[in-house]
Every structure is written in C-alpha cells, then in structure tokens.
Amino acid sequence: MALVKENTNIPLRRAWEILKTSIMPLEPEECPVEEAAGRILAMDVMSGRNVPHYNAAAMDGYAVSSRSTAGASPSSPVHLGKGDFAWLNTGGALPPAFDSLVMVEDTSLDGGAGILTLVKSLVSGENVRPLGEDVFAGQVLAPAGDAISPALASLFATAGISSLAVLPVPRTLYVPTGDEILPLSRWLETEAPPPGVVCESNSLLVRGYFRKWGFPLEIGRCLPDDPAVIEEYLASRSGEYDLILVGAGSAKGERDHTFTIFEKMGTPLFRWLLMKPGRPASAALLRRETGGGKKSEGVCAAVNLPGFPMSNAVVLWSVVYPLLQLLQRGSFDEKNVLPEALEARDEARLPLLLPHSSSFGKEEWVRLKCIEVDGVRSAYPLPSGAGSLWSLAETDALALLPLETAECPKGTPVSMWILKKIRWGDRILFQGSNDPAMERVASFVRKRGGELLMRSVGSMGGLSALSRRECHLAACHLLDTATGLYNSPFISKIFGPSPNLRRRLIFFRQQGFILARGNPKEIRSVKDLARKDVTMVNRQPGAGTRVLLDYLLGREGISTAMVCGYAAQSPTHFDAANRVALGFADVALGIRSVADALGLEFLPVCEEPYELVYPSEYEAHPGMKALFGALSDGKWREMVSGMGGYRWPEEPEGGPGL
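Residue 129 is where the sequence shown starts when you use this note's numbering, and the numbers rise one by one after that.
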C-alpha cells in the first residue's frame, strides 16, 4: 500500500496524531502477585479481606477487659486473678473475652499465686490493632495506572489477592541492517577495522533506553542491504512481536530499502519528519505472519530508525517511546511524553552563552552544556552532528527548538530538559587553547570535588571570552611577532591594566610540523609549505598555533595564498593530526605529544609557554581550588611527562620532554 502524500515530511505532532489513530493498545494480562512488582495496574484493585483479619496485639503484654482496670494507678493498683488476663505476643489474636492490652511495664505478675497487678487503667481497644485497621474488605488498594511497588505487592498478597490485571509489556525486536556494520563481538575482536566498516553500536543505545523505560528488547542478527533478505526476516518474525525497529536504510541512498519493504508488507503511516536530526524516521503497520507464510490476525507496528546515533536516539525519544505508551496504555500525554522518555531531572529556561543557528522549518534537537559564571546560569550548544556520540554522552540538557526558530543570538532564553544532576557551584568553564594534557587533568579535578568543562576555542577566543566574563579561566600561547614575546602583549591589549588578573605558567611544549610516517613528501622546513605538491591543514583564526604559522610564513616571505590547504581548519591538535594520519593532508603545525600519540613524524620548530589566565576573585571557587590541586598532582605530571614534548617550568631548557 502506498503512503498518503500528506504524511511525508511532517511535523512531530502530526506523526503523534497518526500514531494515536493507528496504534491499538494491547490487551491487559493476568499476573501472579508473586511476579507483580514493577508491573502497572490495568484496573483498580480491591481488597479481598480485612487486614488484619482479627483483633491483634500491637505489642507484647496481657490481654484484659478494660472494665477490670478501672481506677488502676501506681498508688491504687488493681489485682486480677487467673482467667481475668492472658499473655499475648505481638500480633497474637485477642481472645473474645478481652478488649484491650496492658503493656508489661505497667504490670507485675505473682507467678505462684497467679495474680497480675496493674498500675494503669485502660480504655477499650487500647494497644490492640482492630480487625481491618490497615485495610478493610472491598477497599480500593490502588487505582489503575499505578506501578506495583514491592510494598504494594506484599499488601495485595496480605489482602488475599492471588493475581492482578496488569498492563501488557510490548514485545520489541531491533534489527540492525547495513553491509558496512560489524556485530559488536567481531568489532571488538578486530584490531584494525578497515575503512568503511563501522561498529554495530546502535543496539547498545536502543537496549539502554529500553532498560531505562522498563521494556524488554530482543536484538536480531545484522542483516545486509538486501531487500529480499530484510523482507523475509521481517515476515518470519512479525508474528512474535508487537513492535519491530529496523536500524538504518531510511534515507535516500541506493541501499535504503526499508520503507519500500514497509509499503510492501503492510500499511505505511508516515515517512520523514521535519526534525533535525531524526528526519529519516518512518513508521508502518506490518501484517503478522505465522509459519509457512500464513497471515495471522492483527498487525505489528514497525519503525525505521536512522543509522546515525543521535538521529537514532531522538527517534527513540520522540516516536518509539510514545508508540510504546500507546501499545501499553492506549494513550500518552503530549506535554510530558518527551521529558518522560528522556527521564529528565528538571526543566529550565536558560540564556545561550553562544549564538546558535537553527534550520527554519524543522524542529531541532540541541545538545547543551550548562554553567554558572558570576551567579548567572547559562547553557552553550555542543557539536550538533547526527553521528556524534561524544556530544550525546556529554550532554547536560536537551532542547527541542520549534519549527519557526532560525537564528538564536547569544542571550536567547531557551527551554530545556535537564538530564543530569548539575553541581553548579563546583563547575568551572575553561575556554582557550586546546591541549591534550589539559584535557587529561579534568579527571584529577573531579577526584578533588570539582568539575572542569572545556571549550577549545583558541588562545584569542579564550582571552576574549574571559574578558566578557563568559568563563572562569582561559589558556593561551600567543606569539607577538613584533616583540617576540608570548602572551603578555595580547593580555595587556585585551584586559588593559588589570591588577586582579592572574597568570600561571603550566608547562612549555614543543610545536612543530606533524608529518605522515616516513615523511614521504620530504618536508624539511616551512619553505616546503609553498610547494604545489604539499597540502596542509590549518587551525582556526585566533589559535596560537595559527598565529605561529603566520609568523613562520611571513618570516620566509610566503603568502598564505601560496599554501595549499591554508583555509582548511581543524579545531584541535588531534583533529589536525588525524587528517594527516588519514592522508587528507601532508602536514599540520601542532604539538609533539599528538604526533607521538598517533605514531606520526614530528619536525620541531620551537618551544612555547602554555599559560592559564584568570581573575583573582575566582581563586576561592571550589572548582578552581580543585584545578590548582590537580595541576600539582604528581600522577598527572607523570602522565604529561610520558606524553612527550612537554617541559615543566622548574626544568632547564633541553631537559626531560625535549
């Protein structure tokens, strides 16, 4: 069956409307009370008996008639003979002749004479749990929709309930597809995966969310990009499941067969969403089939999940979770379904620390990191690539920008869902020059109770952000070509006379040319960058490494127009070095530790100081205190020394690390 044209490229809320009118809830199930904890009640539960079902002793003591204790006091005790009292342990049944219980400490017993002396008078029912005190027969114990806690399951059993009507748990199958994917076990066994082969990791993402939501999931075998194989597999499994998720095969490429298969096997519901990322999502109702290709009654819901991790995740949140609610409960609350899917801790509306450009006409999921500077809380966007697992793992908060959103200038308030417990008062934000050694100090800061967030924006970018009070500290290694001095001229120009500004020299590091193994282009000096057969990768404007490159080129009289690849930019040393390692460039200017880490050649050019800059008033910040402690940690310093290309300020020039 062909898809209705109006159901292509639709907003998320239109997709929800289609799902609500197309997905029928599953029938409730009977569940033994012994297995009920964690399930959700499908209907109200009534008590089958009184709890307790007899008058019970609330404590150890003597059962008596309250009338026989009238007037009893320490100055005028009452004496009871045999037959006028009975010993009871806690929970014991009160004999019919008695209506109260006296505590042991208010009595004394003459065992030989069988006389009980009381020094306290009682009222009827005192120290007695009457029949039905906790629950009475016919009482509503829990309403439909409540989750059954261990305590509730215990109460149900005590109230004489042997089984319960509970909401069903949809049976779901996830099927990864693609010629390029390797099953996880094979991927982990492969030491050097060839280009074009990727790990089948989305199953971990899908399984993780299903576990958080409390739904079971089965992972199917990896299928090739063969429509006949995929169709046969889906047909053979559709009778066993209520929902099938097919990974990848959902865009416009030659190997994207999934939606065509959905059309062939059942009723398509929608294709493609006006959402970024997550646009390639689609859904359908597949005919159930039993053995021998016979069609059975009913249908199985199916969703096509995009292959990129972030796209996969947002379709899980925005389509799969609502669909599971429809199968289980028959409905979902549009206002709360997304924060429920995300298991958001809180909601907030914070200004953006940085501007963000959105795609007008599409809802956009934005990953955000949160920070507080000078008592003002804000958030900044993380990299937005659909395939970026790192930024998804680092996310503090998520925002879903409306269709009509375009440019979001700095300071724009954005509504977001907070995903993590944020220790606002312990966090500090670093902006400035990228360095692998500084990235490794973050774990040492955490051990001291602080948290270090890092944005690699280059030396000039970091100093500028610090001057605007948009971070707690910056890092720089800027060479002033006029004076030959590092950092001081730039700091003076940006901050002017600033007695409250502090500087801390962390280490010296080697800068040089990062080259492919064996240096096949025989690059020996900066002059070789002007050769037509040499392609370089550069750093962003304002980065200290780019300032150094411009100085080296100018000293040799080489214009930037003569350098092939000068306009190609990498945000970090590792990114630039990786482009050399992968053959996308022949050379990059960068630090030695990165070349050593990737097994590349390194041609030294100079040694430069790497300094932190921060206002003195931040020294008392818990996060800054943790950072200062981490920078002096012997284990971190030992780690840095082992990376190569670093020298500590107290070491003589030409010492260790050079």
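Backbone N, C-alpha and C define an ideal beta-carbon position, used for all residues, glycine too.
Is the Cβ-Cβ distance between P479 and P541 less than 8 Å?
Residue numbering aside, residue 479 sits at position 351 when the sequence shown is read from its first letter. Residue numbering aside, residue 541 sits at position 413 when the sequence shown is read from its first letter. Against a cut-off of 8 Å, the Cβ pair of P541 and P479 comes out as a contact.
From L312, L740, T533, D234, pick the residue whose C-alpha is nearest to that of A602; which is it?
Along the sequence shown, one-based indexing puts residue 602 at 474. Among L312, L740, T533, D234, the Cα nearest to that of A602 belongs to L740.
Within a Cβ cutoff of 6 Å, which residues of the same chain sit near C159, ignoring the five residues on either side of it in sequence?
Walking along the sequence shown from the start, residue 159 turns up at place 31. Correct list, in chain order: R167, L292, V294.
Going by DSSP, name the residue or residues bridged to S410.
Within the sequence shown, the letter at position 282 stands for residue 410. Answer is R399, N432, bridged to S410.
Smallest Cα separation from G590: which of K655, D307, S543, P669?
As a first step, residue 590 must be located in the sequence shown, where it is residue number 462. Among K655, D307, S543, P669, the Cα nearest to that of G590 is on P669.
Going by beta-carbon coordinates alone, are V431 and L373 separated by less than 8 Å?
What you label residue 431 is simply residue 303 of the sequence shown in a count that begins at 1. What you label residue 373 is simply residue 245 of the sequence shown in a count that begins at 1. Contact: yes.
Quick one: what's got a C-beta closer than 7 Å to G783's C-beta in the same chain, skipping five residues either side?
Mapped onto the sequence shown, residue 783 falls at position 655. Bear in mind that the predicted position of G783 carries a pLDDT of just 41, short of 50, making it unreliable; the figure below should be weighed with that in mind. For G783, where only same-chain residues beyond five positions count, the Cβ hits under 7 Å are R775.
Here's the rule: buried if 16 or more other CB atoms are within 10 angstroms of the residue's CB, otherwise exposed. What is G785?
In the sequence shown, counting from the first residue as 1, residue 785 sits at position 657. Only weak support is given to the placement of G785: the predicted model assigns it a pLDDT of 37, under 50, and the value that follows is read from those uncertain coordinates. Buried, by the Cβ-count rule.
Applying the criterion that 16 or more other CB atoms from any shown protein chain within 10 Å of the CB defines a buried residue, is Y369 buried or exposed?
Within the sequence shown, the letter at position 241 stands for residue 369. That one is buried.
Measure the beta-carbon distance from A361 to S331 and round it to whole angstroms, keeping in mind my assumption that it falls under 8 Å.
Along the sequence shown, one-based indexing puts residue 361 at 233. Along the sequence shown, one-based indexing puts residue 331 at 203. A quick correction: the sequence has Tyr, not Ala, at residue 361. With 8 Å as the limit, Y361 and S331 do not qualify as a contact, their Cβ atoms being about 15 Å apart.
Leaving out five residues before and five after E475 in sequence, what residues of the same chain have Cβ atoms less than 8 Å from its Cβ?
Sequence index remark: in the sequence shown, residue 475 carries index 347 (1-based). Counting only Cβ-Cβ distances below 8 Å, and skipping sequence neighbours, we find P467, S543, M544, W545, I546.
Measuring CA to CA, which of A525, S587, C498 is closest to I556?
Position 428 of the sequence shown, counted from the start, is the residue given in the question as residue 556. Ranking A525, S587, C498 by Cα distance to I556 puts C498 first.
Could you have a look at L786 and say whether DSSP puts it in helix, strand or coil?
Translated into the one-based positions of the sequence shown, residue 786 becomes position 658. Reliability fails at L786, whose pLDDT of 32 lies under 50, so the model's placement of it is uncertain and the value that follows must be treated cautiously. Of the three classes helix, strand and coil, the one that applies to L786 here is coil, per DSSP.
Buried/exposed call for D172, threshold 16 Cβ in 10 Å
In the sequence shown, the residue the question calls residue 172 occupies position 44. Exposed, since its Cβ has fewer than 16 Cβ neighbours within 10 Å.
Own chain, CB closer than 7 Å to F213, minus 5 neighbours either side, in chain order
For this step, residue 213 is matched to residue 85 along the sequence shown. Closer than 7 Å at the Cβ level, and outside the excluded window around F213, lie Y190, A191, V192, L244.
Three or more C-beta pairs below 8 Å linking the stretch 592-608 and the stretch 695-706:
no
Inter-residue CB distance, L526 and R495 (contact presumed, cutoff 8 Å):
Residue numbering aside, residue 526 sits at position 398 when the sequence shown is read from its first letter. Residue numbering aside, residue 495 sits at position 367 when the sequence shown is read from its first letter. Sure, about 6 Å apart at Cβ, within 8 Å.
Residue range of the alpha helix (DSSP H) that R683 falls in?
Your numbering for residue 683 matches position 555 in the sequence shown. Unbroken alpha helix (DSSP H) run through R683: 672-683.
Pick out the complete alpha helix (DSSP H) segments inside the stretch 321-398, 4 residues or longer, and give them in chain order.
330-341, 355-365, 386-393
Anticipated Cβ contact below 8 Å, V251 with S228, distance rounded
As a position in the sequence shown, residue 251 is number 123, starting the count at 1. As a position in the sequence shown, residue 228 is number 100, starting the count at 1. Their Cβ separation, rounded to whole angstroms, is 7 Å, which keeps V251 and S228 in contact under 8 Å.
Can you check DSSP and say which residues form a bridge with C536?
Position 408 of the sequence shown, counted from the start, is the residue given in the question as residue 536. For C536, which the question treats as bridged, DSSP gives the partners H484.
Spatially closest choice to D234 from K210, G209, T197, by CA coordinates:
Numbered from its first residue, the sequence shown carries residue 234 at position 106. Out of K210, G209, T197, T197 has the C-alpha closest to the C-alpha of D234.
Starting from F618, trace the alpha helix (DSSP H) in both directions and tell me its first and last residue.
As a first step, residue 618 is located in the sequence shown; it is residue number 490 there, counting from the start. Element bounds for F618: 616-623.
Where do the ends of the beta strand (DSSP E) carrying R574 lie?
Working through the sequence shown from its first residue, we reach residue 574 at position 446. It is not in any beta strand (DSSP E) - R574 instead sits in the alpha helix (DSSP H) that spans 564-575.
So, helix, strand or coil for M767, using DSSP?
Residue mapping note: residue 767 aligns to position 639 of the sequence shown, counting from 1. In the structure shown, M767 sits in a helix (DSSP, three-state: H, G or I).
Cβ contact check for the stretch 612-624 and the stretch 574-583: 3 or more pairs under 8 Å
no
How many Å lie between P405 and K490 at the Cα?
For the purposes of this step, residue 405 is identified with residue 277 of the sequence shown, where counting begins at 1. For the purposes of this step, residue 490 is identified with residue 362 of the sequence shown, where counting begins at 1. If I take the Cα positions, the gap works out to 9 Å.
Just the C-alpha distance for P750 and R637, rounded to the nearest angstrom, thanks.
Translated into positions along the sequence shown, residue 750 becomes position 622. Translated into positions along the sequence shown, residue 637 becomes position 509. Cα-Cα distance, rounded: 28 Å.
So L740 is in the beta strand (DSSP E); what residue range does that whole segment cover?
Numbered from its first residue, the sequence shown carries residue 740 at position 612. Run containing L740: 729-743, per the beta strand (DSSP E) assignment.
With DSSP as the reference, label I146 as helix, strand or coil.
Here residue 146 refers to the residue found at position 18 when the sequence shown is read from its first residue. In this structure, I146 counts as helix in the three-state DSSP scheme.
C-alpha gap between T533 and E522, whole angstroms:
Taking the first residue of the sequence shown as position 1, residue 533 is located at position 405. Taking the first residue of the sequence shown as position 1, residue 522 is located at position 394. Rounded to whole angstroms, T533 to E522 spans 24 Å at the Cα level.
By the DSSP assignment, the beta strand (DSSP E) with F636 in it spans what residues?
Translated into the one-based positions of the sequence shown, residue 636 becomes position 508. Start and end: 629-643.
For N449, the first and last residue of its enclosing alpha helix (DSSP H)
Looking up residue 449 in the sequence shown gives position 321. Looking at the sequence itself, residue 449 is Tyr, so the reference to Asn does not match. Counting along the chain, the alpha helix (DSSP H) containing Y449 begins and ends at 449-457.
Quick check on DSSP: helix, strand or coil for Y746?
Working through the sequence shown from its first residue, we reach residue 746 at position 618. The answer is helix: DSSP assigns Y746 an H, G or I state.
Is V788 helix, strand or coil by DSSP?
With the chain represented from 129 up to 786, any question about residue 788 goes unanswered, as that position is not in the structure.
Does the Cβ of C734 have 16 or more other Cβ atoms within 10 Å, making it buried, or fewer, making it exposed?
As a position in the sequence shown, residue 734 is number 606, starting the count at 1. By the 10 Å Cβ count, C734 comes out exposed.
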